[in-house]
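Engineer: Read top to bottom, the protein sequences are chains A and C.
Okay, so the first sequence: first residue is 10 according to this note's numbering, each after it adds one.
Okay, so the second sequence: first residue is 16 according to this note's numbering, each after it adds one.
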Amino acid sequence: MTTTVSDSVGSVGSVGIVSPQTARFEEPLTLACGRELAPYELVYETYGELNAARSNAVLICHALSGHHHAAGYHSDQDRKPGWWDEYIGPGKPIDTARFFVVSLNNLGGCHGSTGPTSINPGTGKPWGPDFPPLRARDWVHSQARLADRLGIDAWAAVIGGSLGGMQAMRWALEYPERVKHCVVIASAMKLSAQNIAFNEIARHAIQSDPDFAGGRYLEHNSLPAQGLGLARMVGHITYLSDDAMAAKFGRDLRSGTLERGGEDDVEFQVQSYLRYQGSQFSGSFDANTYILMTRALDYFDLAREYGDDPVAAFRHAQCRFLVISFSTDWRFSPVRSREIVDALIAAGRPVTYAEIEANEGHDAFLMPIPRYRDLFAAYMQRVGSD
Amino acid sequence: MRLDLTRIQPWIAPGSRVLDLGCGGGEFLQRLQHERQVRGMGLEIDPDNITAAVARGLDVVEQNMDEGLGNFPDQSFDTVVMAHALQAVHYPDRVLDEMLRIGREGIVTFPNFGHWRCRLYLGTRGRMPVSKFMPYTWYDTPNIHFCTVQDFEALCRDKGIRILDREMVGNTERKPLLAGAWPNLFAVTAIYRLSR
Numbered sequence: 010m011t012t013t014v015s016d017s018v019g020s021v022g023s024v025g026i027v028s029p030q031t032a033r034f035e036e037p038l039t040l041a042c043g044r045e046l047a048p049y050e051l052v053y054e055t056y057g058e059l060n061a062a063r064s065n066a067v068l069i070c071h072a073l074s075g076h077h078h079a080a081g082y083h084s085d086q087d088r089k090p091g092w093w094d095e096y097i098g099p100g101k102p103i104d105t106a107r108f109f110v111v112s113l114n115n116l117g118g119c120h121g122s123t124g125p126t127s128i129n130p131g132t133g134k135p136w137g138p139d140f141p142p143l144r145a146r147d148w149v150h151s152q153a154r155l156a157d158r159l160g161i162d163a164w165a166a167v168i169g170g171s172l173g174g175m176q177a178m179r180w181a182l183e184y185p186e187r188v189k190h191c192v193v194i195a196s197a198m199k200l201s202a203q204n205i206a207f208n209e210i211a212r213h214a215i216q217s218d219p220d221f222a223g224g225r226y227l228e229h230n231s232l233p234a235q236g237l238g239l240a241r242m243v244g245h246i247t248y249l250s251d252d253a254m255a256a257k258f259g260r261d262l263r264s265g266t267l268e269r270g271g272e273d274d275v276e277f278q279v280q281s282y283l284r285y286q287g288s289q290f291s292g293s294f295d296a297n298t299y300i301l302m303t304r305a306l307d308y309f310d311l312a313r314e315y316g317d318d319p320v321a322a323f324r325h326a327q328c329r330f331l332v333i334s335f336s337t338d339w340r341f342s343p344v345r346s347r348e349i350v351d352a353l354i355a356a357g358r359p360v361t362y363a364e365i366e367a368n369e370g371h372d373a374f375l376m377p378i379p380r381y382r383d384l385f386a387a388y389m390q391r392v393g394s395d
Numbered sequence: 016m017r018l019d020l021t022r023i024q025p026w027i028a029p030g031s032r033v034l035d036l037g038c039g040g041g042e043f044l045q046r047l048q049h050e051r052q053v054r055g056m057g058l059e060i061d062p063d064n065i066t067a068a069v070a071r072g073l074d075v076v077e078q079n080m081d082e083g084l085g086n087f088p089d090q091s092f093d094t095v096v097m098a099h100a101l102q103a104v105h106y107p108d109r110v111l112d113e114m115l116r117i118g119r120e121g122i123v124t125f126p127n128f129g130h131w132r133c134r135l136y137l138g139t140r141g142r143m144p145v146s147k148f149m150p151y152t153w154y155d156t157p158n159i160h161f162c163t164v165q166d167f168e169a170l171c172r173d174k175g176i177r178i179l180d181r182e183m184v185g186n187t188e189r190k191p192l193l194a195g196a197w198p199n200l201f202a203v204t205a206i207y208r209l210s211r
């Protein structure tokens, strides 16, 4: 059941080489949209060992462009480890010497789990734009089935940043008896109009690309690389803070000159960086998945079915909560986290909250920041001893 | 543990809900959890203290009392404690009101500025007192609202706050005879149990 782990790659604190696994589910999953999905596959990785009492399992819920590969390396040749390697590994806050960590690619994703790039059994062609729309709750229900498959009755903690934090909160409401601790990082109970607006720009960029072909680009052997790249560029700006961009790029030039007497085109460092990010992303991510994920973000509203009352919603939870925000995060600002905390307090739920001083904007939740790391580690110690 | 906190402990009912305003590193709440099985929550603004309190297994919320406590529902705690923070908040009177709105009872401790040493220091040197207990200069101090035992009791009278109990702590752990008889002059620290 556990992933093969070796020590051949990585420094101290790495889970080493990991291999993804695939779980196939034949039983139909009824989705929030009313449609049924079957069969479907979830690709996932695990780190650490499940204890005999099966009480040390931790679920990692990924954000918009995340996937199952959260820690360690897939091969000796990998340049970069998994996306949350700073926080998952032996001796790290999510300590794999203590916890059995499960990290999956969500349904609708494009890294191995069933999604728009998978073959629609009904047509024999890729799902593309016909893949059913998903909500955070659909992911939670599919994750619960994965938990069943792995023999995990209750998670010691469900942890997520950003869109992942939304899933973690939904877990606490949908399966209160299966969550002991809920860790919500740089997240919100629902997106603001500004936030939805940024997502709409991203979708519009993708859909306006002629190569998008109404979402059937795979059938046409094309890719909306321009549109997806542009979507990523916009998104990327919103994940950073003004200060972080100033510190990283300033007004430094990559080429050309601003001296008088020159007509050369000038390229700022930030321009070349954004283009690089855009083109990297458009080569590795699926446009339909991006649209699906941003819609799930937009539609998420924790308290909608609880009379729009977050306090009433959180009364259904039975777990303890850790909520963390970052001072310069303007995409999921500390105000949004405070709303979560206030609702939890009013609902009488145990909660710990910290606003971490950090320059990195929304991306801070992925970064090595000493205060964040120490607080997270201290809380996870407690998760392990509860 | 500080003397004032030792004195408070008997006033906390076993198994009750306790909110500690300015909980520091959580030493007091942790002791209450161990010895009186309270369900505790702390408020704190210092990052290192917050991490220390979380490491003690406590629930701590990063929140500045001076920006209000309106997010805590009426009567949602049995006891709201504020130890050695009254003199550091912007509106001590409003915080007292909030404590007794959120909690059935409030417990407050503060350094008594009417202590004879303060008076002697001010009277003979003509300068604001600086001591082991009040180590800050007047211009660079978190303590912006010093008061005396009499000042505090006058405020309680004005606000209609009932003083259920009061304890005075002198210089030593011995029973404070002088501080008991003449608290305004001899109490180093004043401790009050309050309700509406």
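For glycine and all other residues, C-beta sits at the position ideal for the given N, C-alpha and C.
For D166 (chain C), tell me which candidate among C:A194, C:T156, C:P198 has the shortest Cα-Cα distance.
Structural biologist: Start at 1 with the first residue of the second sequence, and residue 166 (chain C) comes out as number 151. The candidate whose alpha carbon is nearest that of D166 (chain C) is C:P198.
Engineer: Do the stretch 320-340 of chain A and the stretch 353-364 of chain A touch if we need at least three Cβ pairs shorter than 8 Å?
Structural biologist: Yes, since at least three Cβ pairs between the stretch 320-340 of chain A and the stretch 353-364 of chain A fall closer than 8 Å, the two stretches touch.
Engineer: What is the DSSP secondary structure of N204 (chain A), counted as helix, strand or coil?
Structural biologist: In the first sequence, residue 204 (chain A) corresponds to position 195, counting from 1. Helix.
Engineer: Just tell me which of A:S342, A:S281, A:I300 has its CA closest to the CA of S250 (chain A).
Structural biologist: Locating residue 250 (chain A) in the first sequence gives position 241, where the first residue counts as 1. Ranking A:S342, A:S281, A:I300 by Cα distance to S250 (chain A) puts A:S342 first.
Engineer: Using a cut-off of 8 Å between C-beta atoms, extract the partners of Q327 (chain A) located in chain C.
Structural biologist: Indexing the first sequence from 1 puts residue 327 (chain A) at position 318. Those within 8 Å of Q327 (chain A) in chain C number zero; the least Cβ separation is about 14 Å.
Engineer: Verify the CB distance criterion: does T66 (chain C) have a CB-CB separation below 9 Å to chain A?
Structural biologist: The residue you call residue 66 (chain C) lines up with position 51 of the second sequence. Yes, T66 (chain C) counts as interfacial toward chain A.
Engineer: Taking only runs of the beta strand (DSSP E) that begin and end inside the stretch 18-88 of chain A, which ones reach a length of at least 3 residues, in chain order?
Structural biologist: DSSP runs (the beta strand (DSSP E)) wholly in the stretch 18-88 of chain A: 30-34, 49-56, 66-70.
Engineer: Beta-carbon of A399 (chain A) versus every beta-carbon of chain C: anything under 9 Å?
Structural biologist: A question about residue 399 (chain A) goes unanswered here, because the residues of chain A that appear run from 10 up to 395.
Engineer: Among C:L209, C:R22, C:P25, which has the Cα closest to the Cα of R119 (chain C)?
Structural biologist: Translated into the one-based positions of the second sequence, residue 119 (chain C) becomes position 104. Of the listed residues, the one whose Cα sits closest to R119 (chain C) is C:L209.
Engineer: Check whether the Cβ of A387 (chain A) lies closer than 9 Å to any Cβ atom in chain C.
Structural biologist: In the first sequence, residue 387 (chain A) corresponds to position 378, counting from 1. Cβ-Cβ to chain C under 9 Å: yes for A387 (chain A).
Engineer: Using the three-state DSSP reduction, which class does C133 (chain C) fall into: helix, strand or coil?
Structural biologist: In the second sequence, residue 133 (chain C) corresponds to position 118, counting from 1. Of the three classes helix, strand and coil, the one that applies to C133 (chain C) here is helix, per DSSP.
Engineer: Per DSSP, what kind of secondary structure is W164 (chain A) in: helix, strand or coil?
Structural biologist: Taking the first sequence and counting its residues from 1, the one referred to as residue 164 (chain A) is at position 155. The answer is strand: DSSP assigns W164 (chain A) an E or B state.
Engineer: Would you check if the distance between the CB atom of T266 (chain A) and the CB atom of L73 (chain A) is smaller than 9 Å?
Structural biologist: Taking the first residue of the first sequence as 1, we reach residue 266 (chain A) at position 257. Taking the first residue of the first sequence as 1, we reach residue 73 (chain A) at position 64. No, the pair does not count as a contact, with Cβ atoms beyond the cut-off.
Engineer: Taking only beta-carbon atoms, is R4 (chain A) less than 9 Å away from chain C?
Structural biologist: Shown here, chain A extends from 10 to 395; a query on residue 4 (chain A) therefore has no answer.
Engineer: Here's the rule I'm using: 16 or more other beta-carbon atoms within 10 Å means buried, otherwise exposed. How should T12 (chain A) be labelled?
Structural biologist: For the purposes of this step, residue 12 (chain A) is taken as the residue at position 3 of the first sequence. Any answer about T12 (chain A) is weak, because its pLDDT of 43 lies below 50 and its placement is not dependable; what the coordinates show is given next. Flag for T12 (chain A) reads buried.
Engineer: Should S31 (chain C) be flagged as near chain A, meaning a C-beta pair shorter than 9 Å?
Structural biologist: By 1-based counting over the second sequence, the position of residue 31 (chain C) is 16. No, its Cβ sits nowhere closer than 9 Å to a Cβ of chain A.
Engineer: Within 9 Å of any Cβ in chain C, is that where the Cβ of E369 (chain A) sits?
Structural biologist: Numbered from its first residue, the first sequence carries residue 369 (chain A) at position 360. No, because no Cβ of chain C sits closer than 9 Å to the Cβ of E369 (chain A).
Engineer: Count the other CB atoms within 10 Å of the CB of A61 (chain A); is the residue buried (16 or more) or exposed (fewer)?
Structural biologist: Start at 1 with the first residue of the first sequence, and residue 61 (chain A) comes out as number 52. Answer is exposed; the Cβ neighbour count stays below 16.
Engineer: Considering only the beta carbon of each residue, do V52 (chain A) and H77 (chain A) sit closer than 9 Å?
Structural biologist: Taking the first sequence and counting its residues from 1, one reaches residue 52 (chain A) at position 43. Taking the first sequence and counting its residues from 1, one reaches residue 77 (chain A) at position 68. For V52 (chain A) and H77 (chain A), yes; Cβs fall inside 9 Å.
Engineer: When the distance is taken between beta carbons, is T163 (chain C) closer than 9 Å to G129 (chain C)?
Structural biologist: Taking the first residue of the second sequence as position 1, residue 129 (chain C) is located at position 114. Taking the first residue of the second sequence as position 1, residue 163 (chain C) is located at position 148. Contact: yes.
Engineer: Can you confirm whether L73 (chain C), when its beta carbon is compared against all beta carbons of chain A, has any partner nearer than 9 Å?
Structural biologist: Against the second sequence, residue 73 (chain C) aligns to sequence position 58. Taking Cβ atoms only, chain A reaches closer than 9 Å to L73 (chain C), which makes this a yes.
Engineer: Return no unless some Cβ of chain A is closer than 9 Å to the Cβ of V53 (chain C).
Structural biologist: Here residue 53 (chain C) corresponds to residue number 38 of the second sequence, with the count starting at 1. No, because no Cβ of chain A sits closer than 9 Å to the Cβ of V53 (chain C).
Engineer: For the candidate residues A:E50, A:G169, A:C119, A:G25, whose alpha-carbon lies nearest to that of A80 (chain A)?
Structural biologist: In the first sequence, counting from the first residue as 1, residue 80 (chain A) sits at position 71. With distances taken between Cα atoms, A80 (chain A) lies closest to A:G25.
Engineer: Alpha carbon to alpha carbon, how far is E82 (chain C) from W136 (chain A)? Give it in angstroms, no decimals.
Structural biologist: To locate residue 136 (chain A), count along the first sequence from 1; it is residue 127. To locate residue 82 (chain C), count along the second sequence from 1; it is residue 67. Cα to Cα, W136 (chain A) sits roughly 52 Å from E82 (chain C).
Engineer: Look up H150 (chain A) in the DSSP assignment and say whether it is helix, strand or coil.
Structural biologist: Here the question's residue 150 (chain A) lines up with position 141 in the first sequence. In the structure shown, H150 (chain A) sits in a helix (DSSP, three-state: H, G or I).
Engineer: At least one CB of chain C closer than 9 Å to the CB of D383 (chain A): is that the case?
Structural biologist: Your numbering for residue 383 (chain A) matches position 374 in the first sequence. Interface residue, yes.
Engineer: Can you give the Cα-Cα distance for E50 (chain A) and G117 (chain A), rounded to whole angstroms?
Structural biologist: The residue given as residue 50 (chain A) occupies position 41 in the first sequence. The residue given as residue 117 (chain A) occupies position 108 in the first sequence. Taking the straight line from one Cα to the other gives about 10 Å.
Engineer: Is D220 (chain A) near A234 (chain A), with beta carbons less than 9 Å apart?
Structural biologist: Indexing the first sequence from 1 puts residue 220 (chain A) at position 211. Indexing the first sequence from 1 puts residue 234 (chain A) at position 225. Yes, the pair counts as a contact, with Cβ atoms nearer than the cut-off.
Engineer: Since Y362 (chain A) meets chain C, which of its residues come closer than 7 Å, beta carbon to beta carbon?
Structural biologist: Here residue 362 (chain A) is taken as the residue at index 353 of the first sequence, counted from 1. In chain order: V76, E77.
Engineer: So, are the CB atoms of Q90 (chain C) and G72 (chain C) less than 9 Å apart?
Structural biologist: In the second sequence, counting from the first residue as 1, residue 90 (chain C) sits at position 75. In the second sequence, counting from the first residue as 1, residue 72 (chain C) sits at position 57. No.
Engineer: Quick check on A197 (chain A) - is its C-beta less than 9 Å from some C-beta in chain C?
Structural biologist: Along the first sequence, read from residue 1 onward, the residue named residue 197 (chain A) stands at position 188. No, its Cβ sits nowhere closer than 9 Å to a Cβ of chain C.
Engineer: Would L59 (chain A) and G223 (chain A) qualify as a contact pair, given that the criterion is a beta-carbon distance under 9 Å?
Structural biologist: On the first sequence, position 50 is the one that residue 59 (chain A) refers to. On the first sequence, position 214 is the one that residue 223 (chain A) refers to. Their beta carbons are not under 9 Å apart, which means L59 (chain A) does not touch G223 (chain A) by this criterion.
Engineer: Do you know whose CA, among C:N186, C:I178, C:R211, lies nearest T204 (chain C)'s CA?
Structural biologist: Locating residue 204 (chain C) in the second sequence gives position 189, where the first residue counts as 1. Out of C:N186, C:I178, C:R211, C:N186 has the C-alpha closest to the C-alpha of T204 (chain C).
Engineer: For the ligand MN, is there a heavy atom less than 8 Å away from the beta-carbon of E42 (chain C)?
Structural biologist: No copy of the ligand MN occurs in the structure displayed, which carries no ligand at all.
Engineer: Spatial neighbours of L58 (chain C) within its chain, please: CB distance less than 6 Å, with the 5 preceding and 5 following residues excluded, ordered by chain position.
Structural biologist: Translated into the one-based positions of the second sequence, residue 58 (chain C) becomes position 43. The answer, listed in chain order, is L36, V76, Q78.
Engineer: From this set, A:K189, A:S346, A:D295, A:Q289, which residue's C-alpha is nearest S201 (chain A)'s C-alpha?
Structural biologist: By one-based count along the first sequence, residue 201 (chain A) stands at place 192. Cα-wise, what sits closest to S201 (chain A) is A:S346.
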